[in-house]
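*Asks:*
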Ligand SMILES: Nc1ncnc2c1ncn2[C@@H]1O[C@H](COP(=O)(O)OP(=O)(O)OP(=O)(O)O)[C@@H](O)[C@H]1O
Ligand SMILES: [Mg+2]
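Protein chains in written order, with my numbering: chain G, 1 to 257; chain U, 1 to 270.
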């Protein structure tokens, strides 16, 4: 497995998080988080279950509101943005859900058409058809076009979820645990897909994962969420070259398995 | 209560746990906002026409069999049970008009409303609830579409349109049941039966029933959607949403029935 090139930190920042706090009742999840996403990079966010990784990216698309802090996404402060501006921003930010969140009353084709027809009303029927088929082909699942989500495997659902997100041609992709619960071979497939998306669509991405192999393969940069903060950021080896017990446990467990 | 951004003015989770009374007002405020949002967004383009037709079909189709049997049996049984009292005064010839009035004014709207609350309300609650729990609603939101419009507006409108149609259908089937009973026992002809029952019905009866049915339909759609759309995470949230959709809708329907009977009585001369 070859290491990906490190991030060019002179690139423009597409996401800029400063002093972000979020708690649910007495449960302080994010404590003064700072994080940047540079244009064109794949940033892997690692962290134990329940540390607030999903909460973090939900804040980026305005699904959750932070308690305080500054969150700039493509130059927009998502905290005090109008609903209309938020919609415009969401068009440029793709969100692939941890559980895929496919619309289970619709076929795969309708799943992909749903965001497309509602955001690009001028498309002709033929253009819609082509866009959907091209995207399904890109994730390697053109054959599933008329199936219902319940007929698909977990890995296929992940792919369809990613395709549904990509169809709006986002500038930023947020992947919430794209490989969770999948076998190692399917994981490799998905990792390949994430890298392909980066190259082909020139997206900047945040990839959340527990899986270090995935982190190593897709990440230009790694950030580790420990106790509500990103204490360790850098290339893969920079992050794991430490005596911090919490980090070491994470590393050892993953690779002894 | 829920974690959506554009709708709740306060993130209830971050506020210090409010007392019972405060919570009640908060949820009343939530309901008010939900209903307002329907009126603000439901009638603006772009329309979700296909989904609306889909939902109308769903609602009508889902309750048709149950409503047909209930209507028919109610018509028959009600006629049969009313006969002895009328017979005491030798007035069994009034049966058609009695049944027609009872069915149209109260039985048909109420029966249809309650059956639809059970069948339609619970399925709307469960469907939207499971979409909330599995983050399908969030997925619609982050793809820059308006889930409220697609899911809530269409279902509420569909229920508001379909329940009145079903109500008149119930009344019709009920009259058929009554006719079967009357024609077997008194040998009344179809013509006489139809004439008798039509004569006793006023225009006000029809208006009143339509208004009531529209209100019932709106209630069923709104309650189901509100419960489902705002259901809590976790599988038990889905069950709760379905269950409370039925209970709350039925309770409201009875309440609305009582109020509207009082209201329309103001316009009746007899
Ligand atoms: N809507 C919510 N209401 C209340 N608490 C929440 C909500 N969403 C998340 N939390 C809490 O925030 C914390 C972080 O949750 P989050 O889903 O971000 O974890 P995660 O890092 O994504 O974990 P995993 O790897 O298991 O997905 C958890 O303790 C969770 O209970
Ligand atoms: Mg998560």
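Even for Gly, the Cβ is constructed at its ideal location relative to N, Cα and C.
Answer yes or no: the CB of residue 53 (chain G) versus the heavy atoms of ligand 2, is any distance below 7 Å?
*Replies:* Result yes, Cβ under 7 Å from ligand 2.
*Asks:* Whole-angstrom Cβ separation of residue 37 (chain G) and residue 162 (chain G), contact assumed at under 8 Å?
*Replies:* The pair is not a contact, with the Cβ atoms about 18 Å apart (cut-off 8 Å).
*Asks:* Does the beta carbon of residue 177 (chain G) fall short of 7 Å from some heavy atom of ligand 4?
*Replies:* You won't find ligand 4 in this model; what it holds is ligand 1 and ligand 2.
*Asks:* If you reduce the DSSP assignment to three classes, tell me which class residue 5 (chain G) lands in.
*Replies:* Three-state DSSP puts residue 5 (chain G) in coil, outside helix and strand.
*Asks:* Going by alpha carbons, who is nearest to residue 20 (chain G) out of G:32, G:173, G:13?
*Replies:* For the residues G:32, G:173, G:13, the minimum Cα distance to residue 20 (chain G) belongs to G:32.
*Asks:* List the residues of chain U whose Cβ lies closer than 8 Å to the Cβ of residue 168 (chain G), in chain order.
*Replies:* The contacting residues are 143, 144.
*Asks:* Does any CB atom of chain G fall closer than 8 Å to the CB of residue 138 (chain U)?
*Replies:* Yes, contact with chain G.
*Asks:* Compare the C-beta of residue 257 (chain G) with all C-beta atoms of chain U and state if any pair is closer than 8 Å.
*Replies:* Only weak support exists for where residue 257 (chain G) lies, its pLDDT of 48 falling under 50; the value from the coordinates is given anyway. Judged by the 8 Å Cβ criterion, residue 257 (chain G) is not in contact with chain U.
*Asks:* So what does DSSP say about residue 77 (chain G), is it helix, strand or coil?
*Replies:* In this structure, residue 77 (chain G) counts as strand in the three-state DSSP scheme.
*Asks:* Assign residue 147 (chain U) to buried or exposed, taking buried as 16 or more other Cβ atoms, counted over all protein chains shown, within 10 Å of its Cβ.
*Replies:* When all chains shown are included, residue 147 (chain U) counts as buried.
*Asks:* Can you tell me which of U:62, U:68, U:128 puts its alpha carbon nearest to the alpha carbon of residue 240 (chain U)?
*Replies:* Selected option, being the one with the closest Cα: U:128.
*Asks:* Give a yes or no on whether 8 Å exceeds the smallest Cβ distance from residue 135 (chain U) to chain G.
*Replies:* True, the Cβ-Cβ gap to chain G drops below 8 Å.
*Asks:* Could you check whether residue 204 (chain G) and residue 39 (chain G) sit closer than 8 Å to each other, using their CB atoms as the reference points?
*Replies:* Yes, these two residues count as a Cβ contact at 8 Å.
*Asks:* Should the segment 2 to 21 of chain G be called in touch with the segment 55 to 67 of chain G, which here means at least 3 C-beta pairs below 8 Å?
*Replies:* Yes: the two stretches touch, three or more of their Cβ pairs being nearer than 8 Å.
*Asks:* Report whether the distance from the Cβ of residue 50 (chain G) to the nearest heavy atom of ligand 1 is below 7 Å.
*Replies:* Because some heavy atom of ligand 1 lies under 7 Å away, the Cβ of residue 50 (chain G) counts as near it: yes.
*Asks:* For the beta strand (DSSP E) containing residue 148 (chain G), name the first residue and the last one.
*Replies:* No beta strand (DSSP E) holds residue 148 (chain G); DSSP gives it neither H nor E.
*Asks:* What separation, rounded to the nearest whole angstrom, lies between the Cα atoms of residue 100 (chain U) and residue 206 (chain U)?
*Replies:* Going from the Cα of residue 100 (chain U) to the Cα of residue 206 (chain U) covers about 11 Å.
*Asks:* Tell me which residue opens and which closes the alpha helix (DSSP H) that residue 316 (chain U) is part of.
*Replies:* Outside the displayed span of chain U (1 to 270) sits residue 316 (chain U), for which this structure offers no information.
*Asks:* Return the first residue and the last residue of the beta strand (DSSP E) that residue 29 (chain G) is part of.
*Replies:* Per DSSP, residue 29 (chain G) belongs to the beta strand (DSSP E) from 27 to 38.
*Asks:* Under the rule that 16 or more other beta-carbon atoms within 10 Å means buried, what is residue 8 (chain G), buried or exposed?
*Replies:* Counting Cβ neighbours within 10 Å, residue 8 (chain G) comes out exposed, since fewer than 16 surround it.
*Asks:* Return yes when at least one heavy atom of ligand 1 lies under 7 Å from the C-beta of residue 323 (chain U), else no.
*Replies:* Outside the displayed range of chain U (1 to 270) lies residue 323 (chain U), so it cannot be described from this structure.
*Asks:* Taking only heavy atoms of ligand 1 into account, decide whether any of them is closer than 7 Å to the Cβ of residue 240 (chain G).
*Replies:* Checking every heavy atom of ligand 1 against the Cβ of residue 240 (chain G), none is found closer than 7 Å.
*Asks:* Report the three-state DSSP secondary structure of residue 192 (chain G) (helix, strand or coil).
*Replies:* Here residue 192 (chain G) sits in helix by DSSP.
*Asks:* May I ask whether a heavy atom of ligand 2 can be found less than 7 Å away from the beta carbon of residue 33 (chain U)?
*Replies:* Incorrect: residue 33 (chain U) has no Cβ contact closer than 7 Å to ligand 2.
*Asks:* Quick test of the definition: if touching needs 3 or more C-beta pairs under 8 Å, does the segment 103 to 117 of chain U touch the segment 159 to 176 of chain U?
*Replies:* They touch, by the three-pair rule.
*Asks:* Which of the three DSSP states is assigned to residue 175 (chain G) in this structure?
*Replies:* In this structure, residue 175 (chain G) counts as strand in the three-state DSSP scheme.
*Asks:* Scan the segment 110 to 138 of chain G for residues whose Cβ lies nearer than 8 Å to a Cβ of chain U and list them as they occur along the chain.
*Replies:* Going along the segment 110 to 138 of chain G in chain order, one finds 114, 115, 118, 119, 121 with a Cβ nearer than 8 Å to chain U.
*Asks:* Please work out which residues of its chain come closer than 7 Å, Cβ to Cβ, to residue 132 (chain U), disregarding the five sequence neighbours upstream and downstream, and give them in chain order.
*Replies:* The answer, listed in chain order, is 228, 229, 231.
*Asks:* Spatial neighbours of residue 173 (chain U) within its chain, please: CB distance less than 8 Å, with the 5 preceding and 5 following residues excluded, ordered by chain position.
*Replies:* So the list reads 67, 68, 71, 72, 75, once near-sequence residues are dropped.
*Asks:* Over the uninterrupted alpha helix (DSSP H) stretch that includes residue 60 (chain U), give me the two end residues.
*Replies:* Residues 49 to 88.
*Asks:* Quick one: does the C-beta of residue 98 (chain G) sit closer than 7 Å to a heavy atom of ligand 2?
*Replies:* For ligand 2, at least one heavy atom lies less than 7 Å from the Cβ of residue 98 (chain G).
*Asks:* Which same chain residues, not among the five before or five after residue 296 (chain G), have their C-beta less than 7 Å away from its C-beta?
*Replies:* Nothing about residue 296 (chain G) can be reported from this structure: the residues present for chain G run from 1 to 257 only.
*Asks:* Check whether the Cβ of residue 47 (chain G) lies closer than 7 Å to any heavy atom of ligand 1, and answer yes or no.
*Replies:* At least one heavy atom of ligand 1 is nearer than 7 Å to the Cβ of residue 47 (chain G), so yes.
*Asks:* Report yes if the C-beta distance between residue 121 (chain U) and residue 31 (chain U) is below 8 Å; otherwise report no.
*Replies:* The answer is no: Cβ separation not under 8 Å.
*Asks:* For a test of the three-state rule: what should DSSP assign to residue 257 (chain U), helix, strand or coil?
*Replies:* It is helical.
*Asks:* Is the segment 82 to 101 of chain G touching the segment 165 to 181 of chain G in the sense that three or more CB pairs, one from each, lie closer than 8 Å?
*Replies:* Enough Cβ pairs lie closer than 8 Å, so yes.
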